[in-house]
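As you go down the protein sequences, you meet chains U and X in turn. Note that this note's numbering has the first sequence beginning at 1, numbered continuously upward. Note that this note's numbering has the second sequence beginning at 284, numbered continuously upward. Just so you know, even glycine gets a beta-carbon here, dropped at the ideal spot from N, CA and C. Read through the structure below, which is laid out as structure tokens, and then see the notes.
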Amino acid sequence: MDNALNARRRAVVEEAARAAGAVHMRYYGQGIDRVTKAWRRDFVTQADLEAQAAVKQVIASHFPEDVVIGEEDDDAFNRIAATFDTGCWVTDPLDGTAEFLHTGTFFSSVVSYVEARVPLAAAIHAPFPDELYSAARGQGASMNGAPIRTSRATRLDDAMFVASYTAPTPERAAWFARWMEQVMPAVGGWRMFGSSALCAMTVAAGRADIYSPTPEPATPGPMLGPAQKPQPWETPAYVLIVQEAGGAVSNLYGGEPDLLGFNVYAASRELLESYLTLGRQVP
Amino acid sequence: MRFRDDLELRRRVAEEAARAGGAVHRKYRGQELDRTIHDGERADYATRVDFEAQEAVREVVAHHFPHERVIGEEDESFDDIVEQMERGCWFTDPLDGTQEFVHGGPGYSCIVVYVEHGVPQACAAYFDSWDEMFSAADGLGATLNGSPIRVSGQHQLAGAVFSTAYRGTEVAKAQGFAERFVKLVPHVEGFRMPGAPSVMACGLAAGRYDLYVYLSARLEPPQTRPFVGQPWETAAFILLVRESGGAVQPLRGEGDYDVLGHNIYAASPRLIEQLRAVMGDL
């Protein structure tokens with residue numbers, strides 16, 4: 001592994017994530033029109049497109065030969081599996097679009113570099129309140145330049161649990177509620193934010209102890225199933241930053257982290273295991 | 284209503300006191316937090332911060348209004364609370380978001396509010412981690428760090444971001460919460476549980492959320508006091524939301540709002556109507 005190169009990549013993803021954040025703040029609170037397609041509750045805005053262009057421009061100025069794939073690109077998902085092997089930059093230029101449109105504070109830009117299916121450098125910038133999270137493989141994680149560590153939590157009943165909910169159908173809502181009934185009484189606290197990136201970063205920064213995304217009913221496993229909508233643009237960044245902060249990450253069944261889909265992020269392996277055991281008991 | 288100058292003064296005192304409480308929060312973050320979590324002394328730690336922040340608030344209020352009473356959650360008796368609120372008294376929640384604080388999260392604040400004739404008159408909530416000072420005075424508007432704030436103005440439930448909080452380990456309570464969640468989510472745009480109550484109330488006043496109400500509100504008063512609510516935070520929330528153009532309604536019963544009970548806070552009255560239509564009995 002080329003540590004110097006990854007450190008350089010880290011500086012580039014930081015610069016790119018900040019550039020996207022600067023675009024967000026130009027648009028923030030201006031009541032911008034909701035342009036182009038709308039996947040119910042998931043808006044694509046002009047700010048989104050412009051932030052993506054800003055990210056690409058920064059990367060091109062440092063690594064002009066490299067491939068950059070953004071969530072807003074056409075056929076982005078089809079290209080990503082192959083390029084995760086050969087090496088590429090991925091970006092979700094605006095995570096938490098609904099939060100952004102509603103002038104909330106939990107939105108961010110996400111940029112990472114992946115090669116041989118391993119995330120090597122990643123950055124997440126939250127303009128509110130100007131927090132820049134980043135990591136390079138084997139070089140630790142930081143927030144605004146200061147090292148961050150996950151909490152020391154090991155017990156589920158004392159853990160601050162972060163859930164994210166994006167289910168657009170009543171069936172999914174019902175499933176989510178059943179899962180919630182099971183998990184809520186077993187944990188020490190419950191939070192739901194409007195950006196999955198910041199859900200993961202609260203765990204990385206030791207502000208909460210475990211984050212699990214929306215589970216699914218139609219599933220090969222007993223409880224958690226394939227994600228409704230894959231998120232390869234942001235997931236590598238969450239995985240790398242949480243791992244480099246000392247946390248444990250697995251896919252929804254306890255296996256190796258899934259860079260294309262959803263994972264559970266925890267302060268410790270022990271905590272992660274207790275959660276997965278509990279989650280499997282959902283009827 | 285009080286004279287404008289007096290209200291402005293009380294608002295400034297509330298701000299100064301809330302900031303003094305915030306300074307105590309800051310002092311206890313960091314190293315100390317790490318140690319207390321490790322040693323399992325969270326409760327002691329929170330009590331110490333709570334107590335010291337309350338003393339800091341009291342000191343500031345006493346400096347400006349030496350003869351006025353400051354009532355906090357940790358007080359022992361609330362028997363004469365209605366009389367106090369009529370005559371004029373200060374409330375403080377020196378650390379709103381204890382759970383958030385002890386878990387290392389940023390969403391906690393110090394709240395200070397003055398109530399007279401049963402009406403919230405001036406208040407402040409200070410978030411140390413974000414350096415955000417929310418304040419309001421009756422008829423004089425609400426501000427965030429000195430700039431006027433407004434609610435979103437959202438009046439369609441389908442486009443609204445709903446915020447709430449949950450605490451507890453009882454299975455039945457979680458089931459009740461989950462039931463109401465399933466009933467509500469198909470009708471709203473977003474569902475958030477961001478932290479302490481003041482995160483939601485202040486966020487609503489600033490247009491970040493559109494609705495704030497508990498889905499598992501306590502119906503019976505706790506043993507320690509003769510009312511179900513938390514006036515040390517509620518009085519401030521009512522004032523902040525109304526002064527930023529929002530709507531407040533008691534969760535149950537009559538009147539414009541209920542300082543001693545639970546309320547629904549919203550960006551517009553129409554949102555409350557639609558919420559009640561969808562949810563029935565909250």
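Short Cβ contact (7 angstroms threshold) for residue i with residue j
i	j	result
U:F106	U:S195	yes
U:A17	U:S109	yes
X:L440	X:Q532	no
X:G355	X:Q382	no
X:F445	X:F474	yes
U:N6	U:L156	no
X:Y495	X:M476	no
U:C88	U:V67	yes
U:A200	U:V242	yes
X:E399	X:G371	yes
U:W190	U:M184	yes
U:A237	U:A122	yes
X:L554	X:L534	no
U:V111	U:T86	no
Sequence-distant residues of its chain with Cβ nearer than 7 angstroms to residue i (five each side left out)
i	result
X:V566	Residue 566 of chain X is absent from the model: chain X starts at 284 and stops at 565.
U:V23	A47, E50, A51, A54
U:H62	V12
X:P377	G304, D333, A336, Q337, V340, G355, C393
X:E415	L427, N428
U:G21	S109, H125, P127
X:R433	G490, S527, G528
U:E271	One detail in the question is off: residue 271 of chain U reads as Leu in this sequence, not Glu. A153, T154, L156, A159, D209, I210, listed in sequence order.
Cβ of residue i within 7 angstroms of any chain X Cβ
i	result
U:G284	Residue 284 of chain U lies beyond the stretch modelled for chain U, which goes from 1 to 283, so this question has no answer here.
U:Y211	no
U:M143	no
U:T103	yes
U:Y28	no
U:G189	yes
U:M180	yes
U:P147	no
U:R207	yes
U:Y275	no
U:M284	No information on residue 284 of chain U is available, as it lies outside the stretch 1 to 283 that chain U covers here.
U:M25	no
U:Y165	yes
U:P127	no
U:A81	no
U:P64	no
U:A173	yes
U:P236	no
Beta-carbon contacts of residue i that lie in its chain and below 6 angstroms, excluding the five residues immediately before and after
i	result
X:C406	A297, V396, A419, A519, L522
X:E568	Because residue 568 of chain X is not part of the residues shown, which for chain X are 284 to 565, the question remains open.
U:A267	T150, S151, A153, D209, G247
X:F410	S392
U:R269	A248
X:A300	V340, V343, V344, V395
X:L543	F510, G512, P514
U:T83	V67
U:F161	V187, W190, I210
Short CB-CB distance (under 7 angstroms) between residue i and chain U
i	result
X:M476	yes
X:T452	yes
X:Y311	no
X:P469	yes
X:F464	yes
X:R433	no
X:G459	no
X:R491	yes
X:G380	no
Neighbour-count burial assignment, residue i, 16 or more Cβ in a 10 Å radius
i	result
U:R9	buried
X:V561	exposed
U:P64	exposed
X:A303	buried
X:S499	buried
X:F460	buried
X:L502	exposed
X:N546	buried
U:A98	buried
X:H346	exposed
U:E14	buried
X:S360	exposed
U:A177	buried
U:Q130	This sequence places Asp at residue 130 of chain U; Gln is not what is there. With fewer than 16 Cβ atoms within 10 Å of its Cβ, U:D130 is classed as exposed.
Query raised in the report: Along the chain, which unbroken stretches of the alpha helix (DSSP H) at least 4 residues long are found entirely within the segment 416–475 of chain X?
Result: Entirely contained in the segment 416–475 of chain X, the alpha helix (DSSP H) runs reaching 4 residues are, in chain order, 454–467.
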